[in-house]
Amino acid sequence: MQAAKGNCCGASLCELAVRDDVTVLYFDDVHFDDVRDSTRRCNECKTFWCGGRGEQVLIDSRFCFGMCKRGRGPMTFVPTCCPECCCPCLVEAELWVDDAKSAVQAIKIARDGARQRMEMHR
Numbered sequence: 239m240q241a242a243k244g245n246c247c248g249a250s251l252c253e254l255a256v257r258d259d260v261t262v263l264y265f266d267d268v269h270f271d272d273v274r275d276s277t278r279r280c281n282e283c284k285t286f287w288c289g290g291r292g293e294q295v296l297i298d299s300r301f302c303f304g305m306c307k308r309g310r311g312p313m314t315f316v317p318t319c320c321p322e323c324c325c326p327c328l329v330e331a332e333l334w335v336d337d338a339k340s341a342v343q344a345i346k347i348a349r350d351g352a353r354q355r356m357e358m359h360r
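In my numbering, the protein residues as written are 239 to 360.
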């Protein structure tokens, strides 16, 4: 959050502007096969002592017995040990939510519904 544009040196004294980092996920994307709760262990305790962003939901597509993830562009597969910062072509999405279990269920229902609608229109 930051001060909104206003008359006091270019800023408002009583209004705030909110900027969000928005990412659009298409649930019918073929690369998003696996939706799971990947919240860290002892999340509540660690959040209390160190802070945190909530519970984590990870959406990706793994193969080769979970050893590889799908990628885009020149690297169509990436080892699971390779972090996203080292390999920007990695196809995965991290979502931070209040309740990961209910979020995973809602995402799976939305994904399956989107895929069914896509099949009906073919």
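C-beta: ideal position from N, C-alpha, C; glycine also.
Glutamate 293 vs threonine 314 beta-carbon contact at 7 angstroms
no
Which runs of the alpha helix (DSSP H) fall wholly inside the segment 246 to 326 and span at least 4 residues, in chain order?
281 to 288
Tell me where the beta strand (DSSP E) around valine 335 begins and ends.
330 to 335
Do alanine 341 and valine 335 have their beta-carbon atoms positioned less than 7 angstroms apart in this structure?
yes
Could you name the residues of the same chain whose beta carbon sits closer than 7 angstroms to that of glutamate 332, not counting the 5 residues immediately before and after it, in chain order?
Gln294 and Leu296
Please report how far the alpha carbon of lysine 284 lies from the alpha carbon of aspartate 275, in whole angstroms.
17 angstroms
For phenylalanine 286, is the classification buried or exposed, using 16 other Cβ atoms within 10 angstroms of its Cβ as the cut-off for buried?
exposed
If we ignore side chains and look at the alpha-carbon of each, how far apart do arginine 349 and glutamate 253 end up?
38 angstroms
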